[in-house]
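Protein chains in written order, with this note's numbering: chain A, 1 to 209; chain B, 210 to 501.
Below: one structure, written as structure tokens.
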């Protein structure tokens, strides 16, 4: 056992224990650690944005030669967003948001459709090359059947009778399998976080590992 | 109260304690259970393994904040180590959100200690945070120098030897986003789809199921999912004779396996308990109705 002598390691270890004390019950130590975390993360983000962006990308190019006067327009637009803090000037935020939404929609809609819909539909086609091996064939058929039956499950404009009802029931099975996989991965993620903290406490703080 | 009823009313703090114990013991007394690499991890590893000093750069994106550190840091370090060992030029981007940059600095500082001959600007470039998310991804496709201006240390990008031949995605062999958020979707839309750059992902386990669809469609080269994905990459590094460091993900996998076993056991017991008590309640209800 080789306990750390670094004050930072001790602070981190104690804060970790304070946060985990919530597992027993709500207490002032947990609250304190939570508030420290909130304050730190917001302060950290503000400082990073101020020094890495506002000073470098806005202040210096505008006020030091060669002056980039073209920056005035986006800066003005951005500043208008602060109108939200005043009842009198709330209307100002309409203009930057109009630019933002129009630009974002124009850029996003085609690529979203292409990346998330068309490519996925294309990948579900049963082309001959997908049947070159037995596992590949099984996978392709499963994906095809899963896609069709899941889509049928979410089609609510007709009665679920006969073949349509059966297909919807098959769709539920696929959806449940997806939920199960998601839950399994979520468990893994949560345990991983615990492992990370325990590795820190055991290895870096207590020096046992 | 019977066993099953008591089990269903068990104070959840006992479960927390149980999980804590099964996680801690394997960390102190490791069992070294085998880690078997899966195809998505092997695909990403093999892709990077085919690259060399003359290849186009790897653009590695850090999407890890302190909250996702245990899962994502081992991935970042393993991929950085792999690239630097092979001499592949690496552009390490600190992240799309301000919280990431500290983690990125930690990762690069730790790895670079293992490669004292590698120089910033010559063998790798570390880029800092700039706001914009999708705008940043799109802008890299036009010009990296205009997008970032300078590297993390404030050195102008046009003065970095490594960046002389690297202008945009056309000079990048693969973008790998190590992410704890939905940022891979942005890279997929604005990087892969818009500019056709190869794309790989390392993500937290929570996000992994959502990205398998993009593997199957060929939109992603490979995928590392959670701690398991990181451990698989470490295993592939070891099998191929590359340096692996302390293998933090592999060390954690014993605890992961025992944690999962306990959860599976609890789910099974909980379900049995539910059905047994429901049956008992039904039987009791019938008897009471008969008596009336």
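Using N, Cα and C, we set each Cβ at its ideal position, and we do this for glycine too.
Which of the three DSSP states, helix, strand or coil, is assigned to residue 187/A? As a position in the first chain, residue 187/A is number 187, starting the count at 1. Looking at residue 187/A - three-state DSSP - the assignment turns out to be helix.
Contacts of residue 437/B in chain A (Cβ-Cβ under 8 Å): Taking the second chain and counting its residues from 1, the one referred to as residue 437/B is at position 228. By Cβ distance, chain A contributes 188.
Taking residue 387/B as part of the beta strand (DSSP E), name the residues at either end of that continuous run. Position 178 of the second chain, counted from the first residue, corresponds to residue 387/B. Its beta strand (DSSP E) spans residues 381 to 388.
Establish whether the CB of residue 384/B and some CB of chain A are separated by less than 8 Å. Counted from its first residue, the second chain places residue 384/B at position 175. With 8 Å as the cut-off, residue 384/B does not count as an interface residue toward chain A.
If you draw a straight line from the C-alpha of residue 5/A to the C-alpha of residue 206/A, how long is it? Here residue 5/A refers to the residue found at position 5 of the first chain. Here residue 206/A refers to the residue found at position 206 of the first chain. Roughly 10 Å separates the two Cα atoms.
Simplified DSSP assignment, three categories, for residue 41/A: Your numbering for residue 41/A matches position 41 in the first chain. Helix at residue 41/A.
Three-state secondary structure (DSSP) at residue 89/A? Locating residue 89/A in the first chain gives position 89, where the first residue counts as 1. The three-state reading of DSSP puts residue 89/A in coil, since its state is none of H, G, I, E or B.
Between residue 41/A and chain B, is the shortest Cβ-Cβ distance under 8 Å, so that the two count as touching? In the first chain, the residue the question calls residue 41/A occupies position 41. Proximity of residue 41/A to chain B, defined by a Cβ-Cβ separation below 8 Å, is satisfied.
Please state whether DSSP places residue 145/A in a helix, a strand or coil. Residue mapping note: residue 145/A aligns to position 145 of the first chain, counting from 1. If DSSP states are grouped into helix, strand and coil, residue 145/A belongs with the helices.
Where does residue 459/B land, buried or exposed, given buried means 16+ other C-beta within 10 angstroms? Position 250 of the second chain, counted from the start, is the residue given in the question as residue 459/B. Its Cβ being crowded by 16 or more others within 10 Å, residue 459/B is buried.
State whether the segment 399 to 415 of chain B contacts the segment 423 to 431 of chain B, with contact taken as three or more CB pairs (one from each stretch) at a distance under 8 Å. With the cut-off at 8 Å, the segment 399 to 415 of chain B and the segment 423 to 431 of chain B touch.
Whose Cβ in chain A lies nearer than 7 Å to the Cβ of residue 225/B? Your numbering for residue 225/B matches position 16 in the second chain. Chain-order list of chain A residues neighbouring residue 225/B: 23, by C-beta distance under 7 Å.
Look at the Cβ atom of residue 104/A, then the Cβ atom of residue 308/B, and state whether they are nearer than 8 Å. Here residue 104/A refers to the residue found at position 104 of the first chain. Here residue 308/B refers to the residue found at position 99 of the second chain. The Cβ-Cβ distance between residue 104/A and residue 308/B does not fall below 8 Å.
Which residues in the same chain have their Cβ closer than 6 Å to the Cβ of residue 213/B, if we skip the five residues on either side of it in sequence? In the second chain, counting from the first residue as 1, residue 213/B sits at position 4. 482, 485, 486, listed in sequence order.
Residue 56/A - DSSP class collapsed to helix/strand/coil: In the first chain, residue 56/A corresponds to position 56, counting from 1. Looking at residue 56/A - three-state DSSP - the assignment turns out to be helix.
Output the distance between the C-alpha atoms of residue 395/B and residue 220/B, rounded to the nearest integer angstrom. Your numbering for residue 395/B matches position 186 in the second chain. Your numbering for residue 220/B matches position 11 in the second chain. Distance between the alpha carbons of residue 395/B and residue 220/B is about 42 Å.
What does residue 388/B reach in chain A if we use C-beta pairs closer than 7 Å? As a working mapping, residue 388/B is identified with position 179 in the second chain. Neighbours of residue 388/B in chain A, taken as residues whose beta carbon is under 7 Å from its own, are absent, since the nearest beta carbon is some 13 Å off.
Mind listing the chain A neighbours of residue 426/B? Cutoff is C-beta to C-beta under 8 Å, in chain order. Here the question's residue 426/B lines up with position 217 in the second chain. Contact note: residue 426/B reaches chain A through 119, 120, 122, 123, using a C-beta cutoff of 8 Å and chain order.
Could you tell me whether the segment 235 to 254 of chain B touches the segment 464 to 483 of chain B, where touching means 3 or more Cβ pairs closer than 8 Å? Cβ pair count under 8 Å is three or more, so yes.
Per DSSP, residue 270/B is paired with what? Here residue 270/B is taken as the residue at index 61 of the second chain, counted from 1. The partner list for residue 270/B (beta bridge, DSSP) reads 302/B, 386/B.
Exposed or buried, what is residue 480/B when buried is set at 16 or more other beta-carbons lying within 10 Å of its beta-carbon? Locating residue 480/B in the second chain gives position 271, where the first residue counts as 1. Looking at its Cβ environment, which holds fewer than 16 other Cβ atoms inside 10 Å, residue 480/B is exposed.
What are the residues in the segment 88 to 111 of chain A lying within 8 Å of chain B by C-beta distance? Identification of residues in the segment 88 to 111 of chain A having a C-beta nearer than 8 Å to some C-beta of chain B yields 104, 107, 108, 111, given in sequence order.
Span of the beta strand (DSSP E), counted from its first residue to its last, around residue 411/B: Residue 411/B sits at position 202 when you count from the first residue of the second chain. Annotation: the continuous beta strand (DSSP E) that includes residue 411/B extends over 408 to 412.
Where the beta strand (DSSP E) through residue 333/B begins and ends: Numbered from 1 along the second chain, position 124 holds the residue referred to as residue 333/B. It spans 333 to 336 - the beta strand (DSSP E) in which residue 333/B sits, taken as one unbroken run.
Is the shortest distance between the beta-carbon of residue 354/B and the beta-carbons of chain A less than 8 Å? Position 145 of the second chain holds residue 354/B. Chain A contact via Cβ: absent.
The beta strand (DSSP E) enclosing residue 434/B, as first and last residue numbers: Here residue 434/B is taken as the residue at index 225 of the second chain, counted from 1. For residue 434/B, the enclosing beta strand (DSSP E) has its first and last residue at 432 to 434.
DSSP three-state label for residue 137/A, please. Working through the first chain from its first residue, we reach residue 137/A at position 137. Per DSSP, reduced to three states, the secondary structure at residue 137/A is helical.
Within 8 Å of any Cβ in chain B, is that where the Cβ of residue 27/A sits? Translated into the one-based positions of the first chain, residue 27/A becomes position 27. Residue 27/A does not count as touching chain B.
For residue 298/B, which residues of its own chain have a beta-carbon under 6 Å away from its beta-carbon, when the five flanking residues on both sides are left out? Stepping through the second chain from its first residue, residue 298/B is reached at position 89. Taken in chain order, the residues that qualify are 266, 371.
Return the bridge partner residues of residue 359/B from the DSSP annotation. Here residue 359/B corresponds to residue number 150 of the second chain, with the count starting at 1. For residue 359/B, DSSP records a beta bridge to 365/B.
Residue of 335/B, 384/B, 278/B, 399/B minimising C-alpha distance to residue 257/B: In the second chain, the residue the question calls residue 257/B occupies position 48. When 335/B, 384/B, 278/B, 399/B are compared, the shortest CA-CA separation from residue 257/B is found for 384/B.
Leaving aside the five residues before and after residue 278/B along the sequence, list all residues of the same chain whose C-beta is less than 8 Å from its C-beta, in chain order. Taking the first residue of the second chain as position 1, residue 278/B is located at position 69. Result list for residue 278/B: 312, in chain order.
Could you name the residues of chain A that residue 222/B contacts, counting a contact when the two beta carbons are closer than 7 Å? Position 13 of the second chain, counted from the first residue, corresponds to residue 222/B. Against residue 222/B, the close residues of chain A are 23, 24, in the order they occur along the chain (beta-carbon pairs closer than 7 Å).
Leaving out five residues on either side along the sequence, give the residues of the same chain with a beta carbon under 8 Å from the beta carbon of residue 338/B. Within the second chain, numbered from 1, the residue matching residue 338/B stands at position 129. Result list for residue 338/B: 303, 304, 305, 306, 307, 309, 310, in chain order.
Quick check on the burial criterion: 16 or more other C-beta atoms within 10 angstroms. Buried or exposed for residue 445/B? As a first step, residue 445/B is located in the second chain; it is residue number 236 there, counting from the start. With a 10 Å radius around the Cβ and a threshold of 16 neighbouring Cβ atoms, residue 445/B comes out buried.
Output needed for residue 478/B: all residues of its chain with C-beta closer than 7 Å, excluding positions within five of it in sequence on either side, in chain order. Within the second chain, numbered from 1, the residue matching residue 478/B stands at position 269. Contacts found: 216.
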